[in-house]
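I have placed the structure first, in the form of structure tokens, so that the comments after it can refer back to it.
There are 4 protein chains.
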Amino acid sequence: MAIMRLGRVEVRCPNWEKSIDYYKRVIGLIETAREEDRVYLKAWDEHDHHSVILKKADSAGLEHLAFKCEFSSDLDLYEQKLNNYGIDTERVPAGTRIAEGEAVRFTLPTGQIVELYNQVEVVGNGLALVNPDPWPDGLLGMHPTRLDHLLISGEDVDGAIKIFTDIFGFHVSEQLVAGEKNDQTIAKWLFKTNTAHDIAIIKGPQNKLHHFAFWLDEWVELRNAADIMAKNDVMIDAGPTRHGVTRGTTIYFFDPSGNRNEVFCGGYITYPDSPTITWTEDTIGKAVFYFERELNERFITVVS
Amino acid sequence: MAIMRLGRVEVRCPNWEKSIDYYKRVIGLIETAREEDRVYLKAWDEHDHHSVILKKADSAGLEHLAFKCEFSSDLDLYEQKLNNYGIDTERVPAGTRIAEGEAVRFTLPTGQIVELYNQVEVVGNGLALVNPDPWPDGLLGMHPTRLDHLLISGEDVDGAIKIFTDIFGFHVSEQLVAGEKNDQTIAKWLFKTNTAHDIAIIKGPQNKLHHFAFWLDEWVELRNAADIMAKNDVMIDAGPTRHGVTRGTTIYFFDPSGNRNEVFCGGYITYPDSPTITWTEDTIGKAVFYFERELNERFITVVS
Amino acid sequence: MAIMRLGRVEVRCPNWEKSIDYYKRVIGLIETAREEDRVYLKAWDEHDHHSVILKKADSAGLEHLAFKCEFSSDLDLYEQKLNNYGIDTERVPAGTRIAEGEAVRFTLPTGQIVELYNQVEVVGNGLALVNPDPWPDGLLGMHPTRLDHLLISGEDVDGAIKIFTDIFGFHVSEQLVAGEKNDQTIAKWLFKTNTAHDIAIIKGPQNKLHHFAFWLDEWVELRNAADIMAKNDVMIDAGPTRHGVTRGTTIYFFDPSGNRNEVFCGGYITYPDSPTITWTEDTIGKAVFYFERELNERFITVVS
Amino acid sequence: MAIMRLGRVEVRCPNWEKSIDYYKRVIGLIETAREEDRVYLKAWDEHDHHSVILKKADSAGLEHLAFKCEFSSDLDLYEQKLNNYGIDTERVPAGTRIAEGEAVRFTLPTGQIVELYNQVEVVGNGLALVNPDPWPDGLLGMHPTRLDHLLISGEDVDGAIKIFTDIFGFHVSEQLVAGEKNDQTIAKWLFKTNTAHDIAIIKGPQNKLHHFAFWLDEWVELRNAADIMAKNDVMIDAGPTRHGVTRGTTIYFFDPSGNRNEVFCGGYITYPDSPTITWTEDTIGKAVFYFERELNERFITVVS
């Protein structure tokens, strides 16, 4: 019984046509299906049908995020655990969205809708399963290999984190704390895989998305991504730079609808016995932007 | 209950003084303890007391390999499972080697001694746990971040693999097969973490070590590692090149005692639902050395 | 008869002890000589005795810059040409500074003192001249390979540029222009070697230094340099980013005395027949910082 | 009066159609013109009409190599110098090949035909001359930025080198020597630009081409190039590896007609006062392949 990974995000896009073009041609995701108000996309090295769903909407933001579980039976088990914990759940029937099986849905104390699922159509990564080459031809734009993580905000950060650690077995890789005794949570970074974070939660406006991130393999791909942003008039929020938190390297930027994206690269490997690293509020600049050592106003205030 | 990672290898070193110098100054591991016939070493970004033990011996080879489990109670559980499976186990008392707690020991059908443990002294990675920098000063040589995986050989490959998949929950990321129906195993690559492999097993001489590998973060560090090998007269077996299997990039080379080392970088992320990739025997060159597309004789025949 | 390269800069350092430590340990230059009020430094891959002289002083700024000529006789020839052009010259006797031969000295219309020289002691780059390794051990900090270029400001930019093109045979690789007809020079980038620029001149305060730059071979070394800046509390002005002008990648930062430094990497190769690239004033942000597409106030106003 | 660069090579291709496809789609050169028995190609960042001419022929090899001079008048001056030196020249009329002006032609003591020219049509590098982006979209394959250098063989190496140094003002960056007194030339590497070599000459079969090389900016592009070779069944001769000579990193491989190509990256900057580095015959392995420290038989014996 286990969550395997952040499986998908569904993102609201008021600037509809431009956003579709952007995620396909500039980010370089691959379209796998389309409905009137949804476009289904995957990063090239993902095997599942989609990891990003664009949703036609009046305002930007996160429609839902979902974790893929190892077994079908995990849905029952997690549902029971959530209910025991006092959290209501509902079942999202198979076929509600294209290529997806049934899901268990609940709401985080920070306001975001989360789904747990196991069934989704597998379409492969474009490479043969026998004697494959290392990468396919014809990739576009930044072509990240996969969806990596997201950062969400809300009021009850500790409450949300407790669900991830107590029910889903996530661990805290890093935390940013405030207060004279450093005992007030500003943000925590959580991992279930061996990466530095699968999800992070920060104190802030309820039910908001700060950013979701795609994985790039190397620092040099960040330069390439930044070139592509400049060539395509994509607004860069910060970077290329390094995070103090996770040690990863990064660029933050905005999609045409106003959702913040990140391309993220690097960071250390984690295990259940990895120590939690703490950043104190006075070092918040370095924690977030290690090179600049100060936050920009936009980074703190703009969420979608 | 879970194995977290390949925790350590103990390697026999007939060329004793030169091997110690090599692992410390050329590879860039950090010595944490020493006995008359053992030197304990860790890669810089590992938190545990050691991941490599050099053992003074008359011939090269693998003394034992060990996996770190998440919980102390895992030792009892795995011991029971192994015994039920018909595999004898013994307990290695705490303190048998420096900084180590109790371990469960058994022998693979391919001949290697494996230990399972949970307790080991934690010494940290040289960085603060509060507001750390991304890397410490004063690193030497290639300074890999950590031990990554190993490749062992033996006669009953399928038998050994079955233990990893059935008892320990490993998955097969890739396999190299022979025979008209591609149903004979030459080698399989197994993962428990989200990396492309934690251990691999190849048909060959019983109870032998083909190589153990250290992790480097980037392709450019392989060039640096190769420079360091050339400057220090380290014999390179192959590389820098890419593997077909795992897509990782690599250099194989020998320690002064004749044990093959690897520096490995890259490869895709794995999950329990990752498909198994198959390489057929006619493509073995590309499977192992994607650029050269042929094996060198030494790579196939030399083990320790 | 030819200028071979920007041979040295002499920089005033009010923050004397900290600046010496910074250039040696953080930048990673090598000290080759010291007087009471001067420290002589070289980048590791330079063969001449020094390329940077730190001068104890009450305020930051550029004491002089100097070009190395191919032949001793070039001094006479250039002196004649300068005098014919109406520019006064004087001879700086050999031995005025350590390891230096005679120089011809004159003042640019933008106010900076320039010297031309051929003689300087050669100390080598730390590698053997027979069967050398590609790099020496023991380098510190960012360890750039060499001094690359500098950017100076003054009022009569066109007058200064004319001297470089007409007398010294420099070519203009790029220019930033203003005015309705794009006929007013804001800045020009000039090359004599095959690099994208050896010197650049920008309209601004008379006799000021905007920055001088060290060469790094690869984008990944910029990340390393930024890490070192953060670890050593060096103030970063901008970057890591890319320039529109020259396509080079860059970080700007300040020495402890307030002189702006750059580490620069990349850019195209130039030849005498390379076309001049023009940037218009409305695109000045992209010209200077291609990723951000806007200048920071500090970058425009702070000179030393 | 000066040679600016190696301007073009004309290469014989018996495997005609496959060679055209290879140079365009695999190497990633851009076709600018075609005749019945010639295809004209340029690397993307070159401004001139072509740098590589493929010539339909019965056997592989070098038809001619050519240097671009700064001024038209250089042709007269160099012709005079060559004649004074006892070397016959002839004039190749403008229009003999597409887009080319007049050239002066002569034969090296090592047998190769060399042309000197100034006039050639300029077609640009695909980027605007006003406010350009750093690279154009739509590049294919390895897409090197430019032709870099070539290595030719013949009997009278010293005679050929003397022409480059005495008449054309080239300098020797490195030399490989034999004999008890290290006074017999095996090979010399010559530069006129600030790169580590523009041409190299090695003792061997008369009038042969060992390889010609394209420039890549970074080590990571060599990995990409090797991937492309493997995906397209291009035979790799050696690499990715580093040269001892020039410190550059490299892959050698063969075009479908049997001409050896190289992608080359890095190496130090040179100036007229750069010291000459010497490699002794016992270190020839390290001189050529720094990582492997031994030559492969094919590399020594196969020329075209």
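Residue numbers (our numbering), protein chains in the order written: chain U, 160 to 463; chain F, 160 to 463; chain W, 160 to 463; chain Z, 160 to 463. Note that the Cβ used here is the ideal one computed from N, Cα and C, for glycine as well. This one's a predicted model, so the numbers in the text were calculated from it and none came from an experiment.
Nearest C-alpha to F:Pro295 among F:Leu368, F:Asn243, F:Ala355, F:Glu205: F:Glu205.
If only complete runs of 3 or more residues are kept, the segment 232–299 of chain W shows the beta strand (DSSP E) at 249–251, 262–266, 272–276, in order along the chain.
Judged by DSSP in its simplified three-state form, F:Asp414 adopts coil rather than helix or strand.
The segment 169–186 of chain F makes no contact with the segment 335–348 of chain F; the number of CB pairs closer than 8 Å stays below 3. Straight across, the Cα-Cα distance linking Z:Lys445 with Z:Gly403 is about 6 Å.
Under DSSP, U:Asn391 forms no beta bridge with any residue. Identification of residues in the segment 262–281 of chain U having a C-beta nearer than 7 Å to some C-beta of chain F yields an empty set. Spatial neighbours of U:Asn455 in its own chain (CB-CB distance under 7 Å, excluding positions within 5 residues in sequence) are listed in chain order as Ala397.
Pairing Z:Val422 with Z:Ala389 gives a Cβ-Cβ distance that is not under 7 Å.
Distances from the alpha-carbon of U:Ala287 to those of F:Arg457, F:Thr437, F:Ser463, F:Glu451 put F:Thr437 closest. Beta-carbon to beta-carbon, U:Ala216 and U:Arg171 are separated by about 4 Å, close enough to satisfy the 8 Å threshold.
Every beta strand (DSSP E) stretch that sits fully inside the segment 298–357 of chain Z and reaches 3 residues is listed by chain position as 305–313, 330–337, 343–350. Per DSSP, reduced to three states, the secondary structure at U:Thr400 is strand. Relative to the Cα of F:Ile311, the nearest Cα in the group F:Leu275, F:Thr269, F:Gly260 belongs to F:Thr269. By the neighbour-count criterion, in which 16 or more other beta carbons inside 10 Å mark a residue as buried, U:Lys351 falls on the buried side.
In summary, no residue of the segment 412–425 of chain U has a CB separated from any CB of chain W by less than 9 Å. In this structure, Z:Leu381 keeps its C-beta atom at 7 Å or more from the C-beta atom of Z:Thr354. Out of Z:Ser218, Z:Ala253, Z:Asn242, the CA that lies nearest to the CA of Z:Ser231 is found in Z:Ala253. For U:Ile257, no CB of chain W lies under 7 Å from its own CB, so it is not counted at the interface with that chain. Per DSSP, reduced to three states, the secondary structure at U:Gly444 is helical.
The beta-bridge partner set that DSSP reports for Z:Ala372 consists of Z:His308, Z:Glu421. Inter-segment contact for the segment 318–327 of chain Z and the segment 301–309 of chain Z is absent: fewer than three beta-carbon pairs are separated by less than 8 Å. Inter-residue distance for U:Ala161 and F:Asp432 is about 12 Å (C-alpha atoms, whole angstroms). For W:Thr460, the uninterrupted alpha helix (DSSP H) run begins and ends at 456–460, by DSSP.
For F:Asp196, the three-state secondary structure derived from DSSP is coil. With at least 16 other beta carbons inside 10 angstroms of its own, F:Lys214 counts as buried.
Contact with chain F is found for U:Arg164, since one of that chain's Cβ atoms lies less than 7 Å from the residue's Cβ.
Along the segment 423–457 of chain F, going in chain order, the ones with a CB nearer than 8 Å to a CB of chain U are Gly425, Tyr427, Ile428, Tyr430, Pro431, Asp432, Ser433, Pro434, Thr435, Ile436, Thr437, Trp438, Thr439, Thr442, Lys445, Ala446, Tyr449. Just so you know, the alpha carbons of W:Asp414 and W:Ile179 end up roughly 10 Å apart. As computed with DSSP, Z:Glu169 is found in a beta bridge with Z:Ile212, Z:His223. In this structure, the beta-carbon distance from F:Val379 to Z:Trp378 falls below 7 Å.
Selection Z:Asp207, Z:Asn243, Z:Cys228 evaluated against Z:Gly283 yields Z:Asp207 as nearest (Cα-Cα). For U:Ile436, there is no enclosing alpha helix (DSSP H); the enclosing beta strand (DSSP E) has its first and last residue at 436–439. Residue-level contact check: F:Pro364 does not touch chain Z, since none of the beta carbons of chain Z fall below 7 Å from its beta carbon. A Cβ-Cβ separation of about 18 Å leaves W:Leu165 out of contact with W:Asp376 under the 8 Å criterion. Listed by position along chain F, the residues whose Cβ is nearer than 9 Å to that of U:His223 form an empty set, because the closest Cβ is around 21 Å away.
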